[in-house]
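Line by line, the protein sequences give chains A and B. Going by my numbering, the first sequence opens with residue -7, and the numbers climb by one from there. Going by my numbering, the second sequence opens with residue -7, and the numbers climb by one from there. Even glycine gets a Cβ: it sits at the ideal position worked out from N, Cα and C. A short worksheet on the structure shown next.
There are 2 protein chains.
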Amino acid sequence: MQGQHAEWVMELWRDPPLSVMGRFRCPLCEASEEGQMTSPASKKQPRSRDPERTKAQLTESAMREFADHGFHGARVDRITRSVGCNPRLLYHYFGSKEKLYVSVIEYIFEDIRAQERELELSRLEPLAAMRRLVEFTYDFFDSNPLFVKVLRNENLLEGRFIVETEVVRISSQPLIDAISRIIARGLAQGVFRHGYDALQIYITIVALSAHHLNNGHTLTAIFGVDLLSPEWRSKRRAHAVSLVLNALTGGESQQG
Amino acid sequence: MQGQHAEWVMELWRDPPLSVMGRFRCPLCEASEEGQMTSPASKKQPRSRDPERTKAQLTESAMREFADHGFHGARVDRITRSVGCNPRLLYHYFGSKEKLYVSVIEYIFEDIRAQERELELSRLEPLAAMRRLVEFTYDFFDSNPLFVKVLRNENLLEGRFIVETEVVRISSQPLIDAISRIIARGLAQGVFRHGYDALQIYITIVALSAHHLNNGHTLTAIFGVDLLSPEWRSKRRAHAVSLVLNALTGGESQQG
DNA sequence: TGGTTAAGTAAGTATTTTATGAATTAGCCG
DNA sequence: CGGCTAATTCATAAAATACTTACTTAACCA
Chain A
-7 MQGQHAEWVM ELWRDPPLSV MGRFRCPLCE ASEEGQMTSP ASKKQPRSRD PERTKAQLTE
53 SAMREFADHG FHGARVDRIT RSVGCNPRLL YHYFGSKEKL YVSVIEYIFE DIRAQERELE
113 LSRLEPLAAM RRLVEFTYDF FDSNPLFVKV LRNENLLEGR FIVETEVVRI SSQPLIDAIS
173 RIIARGLAQG VFRHGYDALQ IYITIVALSA HHLNNGHTLT AIFGVDLLSP EWRSKRRAHA
233 VSLVLNALTG GESQQG
Chain B
-7 MQGQHAEWVM ELWRDPPLSV MGRFRCPLCE ASEEGQMTSP ASKKQPRSRD PERTKAQLTE
53 SAMREFADHG FHGARVDRIT RSVGCNPRLL YHYFGSKEKL YVSVIEYIFE DIRAQERELE
113 LSRLEPLAAM RRLVEFTYDF FDSNPLFVKV LRNENLLEGR FIVETEVVRI SSQPLIDAIS
173 RIIARGLAQG VFRHGYDALQ IYITIVALSA HHLNNGHTLT AIFGVDLLSP EWRSKRRAHA
233 VSLVLNALTG GESQQG
């Protein structure tokens, strides 16, 4: 849904030259404004009172807005308008654009934590566990574009807000420990011929899974192949699995 | 120099709470403003006339500004002030913030093209060639943070400007072809036991080299290990080389 | 030397955008 | 019902920001 929107806007954008004149007008922004303008019901009936719903809608809308435009590019006005509520409400519930952004980050991290807990890698054989980990990681990023985009922007801001939250720090060590144990078991059983540092391996898996998503547009422009197409992504999934497993099981030179 | 600045600002930023009140003030922005305020010489002597120098200074300053804040976060005012010239000059030479941004992208790509041409992979043995390619790619990203940052922002904008330039499309296919030949030679000689698609391998190399740079701040917050420290980066370099070479040379299962 | 061109300056303006003060009214509980 | 709380609206402040109009003056060349 989001991808379709992006492609459609790109299409609109490609033909006319950069901008005719005057102040910069972001075509993505204007398009999304118009797109949302029709949906939020008719104008004048007052909004029914439901603070939980309002807060949730604002968070959801803000997530999309920050994902699509980054912190600086995001407009509070667009957020409230897409919800259909008065701009004042945003400040009533969140205090500032900044605090809204932080709450979006926290909101987004609740998802991944829940999903990660369901992995249960210790019951599988080393090779199968590793395969599952790569597939899970790949699929998570592949199917959570908003997560990917919000994190990209947070890195643009040099992680200024994520260090404040405390929500993210918990429960990442268990995953690294689990990977350590898989590698140790694999080495002991002889199915793995190379030991790698667990954190390095995990970052590698994340890199293989997410880099083409983070950099899809420039890579596509550079190589002339659409790295964001479903076809390429499914090939990428197989490649990631294959590469990691081959690296662990194979070869005779090099250490890790 | 840039990294130091970032760390210093982060240090300032960590203690006081998000913002006291009022409109959002970006601490990085204010710091860099103050930092630059002292340098651009005394106020009132008129600027000596040198269009080339002025244009070059503006491009350079804009590159840093766009890298540090993204397109929307960048301020034309800061760019001209850090150069020490009148804001009108930016429009005199570039026309708009938007066109300035495009010219920065083109400027940045001239570097990498020049460096890539010096690779000369075909003379090396497959294993050595592959090692050199990984090391070169890693080192390029590692030592060109502005390139990395500008591209990250361009992806946030969904590659809206890079598709316009035409500068980037040339001479990327030769690299992919060279990689194809290396892999073919390696398979023929028996040093490689797995054939991979050249584009997949190259994206993989880029991913292993750049993902921790692109996502260093969030990953650092999540895992509590500074992935941007020199120590971690040098370990990362070895890991990337080892992983790719092991994947190519080793194992008996899986294809590519 | 004098005149043309363009580099640079001074001082804005129009617009956008975040944020607020204060009034209004819905909903809940006794 | 009546009154209290807080959800919502209205109108607007206040400041930033991209961009401009109108001008000055240095540099270059016939």
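In terms of CA proximity to L149 (chain A), A:G65 leads the group A:G65, A:E52, A:I197. Given a length threshold of 3 residues, the stretch 149 to 188 of chain B has no whole run of the beta strand (DSSP E) inside it. With a cut-off of 8 Å on Cβ pairs, the stretch 109 to 128 of chain A is in contact with the stretch 224 to 240 of chain A, counting three or more such pairs. Taking the CA atoms as reference points, D218 (chain A) sits about 42 Å from A180 (chain A).
Among the residues of the stretch 190 to 207 of chain B, those with a Cβ less than 8 Å away from any Cβ of chain A are L191, Q192, I195, T196, V198, A199, L200, A202, H203, H204, N206, N207, in the order of the chain. In this structure T241 (chain B) is in contact with V183 (chain B), their Cβ atoms being roughly 6 Å apart against a cut-off of 8 Å.
The stretch 133 to 141 of chain B makes no contact with the stretch 73 to 87 of chain B: fewer than 3 CB pairs, one atom from each, lie closer than 8 Å. In this structure, L237 (chain B) sits away from M55 (chain B), with a CB-CB distance that is not shorter than 8 Å. Membership of R115 (chain A) in any alpha helix (DSSP H) is not indicated, and neither H nor E is assigned to it by DSSP. Between I175 (chain B) and chain A, the shortest Cβ-Cβ separation is not below 8 Å.
Scanning its chain for C-beta atoms nearer than 8 Å, with the 5 sequence neighbours on each side dropped, one finds around R39 (chain A) the residues T46, G76, C77, N78, in chain order.
Residue-level contact by beta carbon fails for V96 (chain B) and chain A, as no gap is shorter than 8 Å. Annotated three-state conformation of R73 (chain B) is helix, per DSSP. Secondary structure in the stretch 35 to 71 of chain A: the alpha helix (DSSP H) runs of 4 residues or longer, each lying completely within the stretch, are 43 to 65 in chain order. In the three-state DSSP reduction, V198 (chain B) falls in the helix class (H, G or I).
Along the stretch 145 to 175 of chain B, going in chain order, the ones with a CB nearer than 9 Å to a CB of chain A are N145, E146, N147, L148, L149, E150, G151, R152, F153, I154, V155, E156, T157, V160, R161, S164, Q165, I168. Taking a beta-carbon distance threshold of 8 Å, T51 (chain A) does not count as an interface residue toward chain B. With a 10 Å radius around the Cβ and a threshold of 16 neighbouring Cβ atoms, G216 (chain B) comes out exposed. For the set B:A202, B:Q37, B:T212, the Cα lying nearest the Cα of S135 (chain B) is the one of B:A202. The Cβ atoms of A213 (chain A) and I154 (chain B) lie closer than 8 Å to each other.
Of the candidates A:H204, A:G208, A:G178, A:I174, the residue whose Cα lies closest to the Cα of E112 (chain A) is A:I174. Taking 8 Å as the threshold, the shortest C-beta distance from A120 (chain B) to chain A does not fall below it.
Put simply, of B:A170, B:D42, B:H204, B:S114 the residue whose alpha carbon is nearest the alpha carbon of L81 (chain B) is B:D42.
For R177 (chain A), the CB contacts under 6 Å within the same chain, skipping 5 residues up- and downstream, are P118 in chain order. In the three-state reduction of the DSSP assignment, V217 (chain B) falls in the coil class. The continuous alpha helix (DSSP H) containing S226 (chain A) extends over residues 222 to 241.
Of all residues in the stretch 61 to 87 of chain A, only H61, G62, F63, H64, G65 come within less than 8 Å of chain B when Cβ atoms are compared, listed by chain position. Between P137 (chain A) and E44 (chain B), the alpha-carbon positions lie close to 43 Å from each other. Its chain contains V94, I97, E98, F101 as the residues whose beta carbon lies nearer than 8 Å to that of T157 (chain B), once the 5 sequence neighbours on both sides are disregarded; these appear in chain order. Relative to the Cα of P166 (chain A), the nearest Cα in the group A:S226, A:R109, A:R67 belongs to A:R109. Under the criterion of beta carbons closer than 8 Å, T210 (chain A) and G151 (chain B) qualify as touching, at roughly 6 Å. Cα atoms of R225 (chain A) and L200 (chain A): separation of roughly 11 Å, rounded to the nearest angstrom.
Only exposed fits A120 (chain A), as fewer than 16 other CB atoms lie within 10 angstroms of its CB. Proximity of chain A to N136 (chain B) at the Cβ level (cut-off 9 Å) is not reached, the minimal Cβ distance being about 14 Å.
In the assembly as shown, Q192 (chain A) is a buried residue. Its beta-carbon has 16 or more other beta-carbons within 10 Å. By alpha-carbon distance to P222 (chain B), the top candidate from B:A190, B:N145, B:D131, B:V198 is B:D131.
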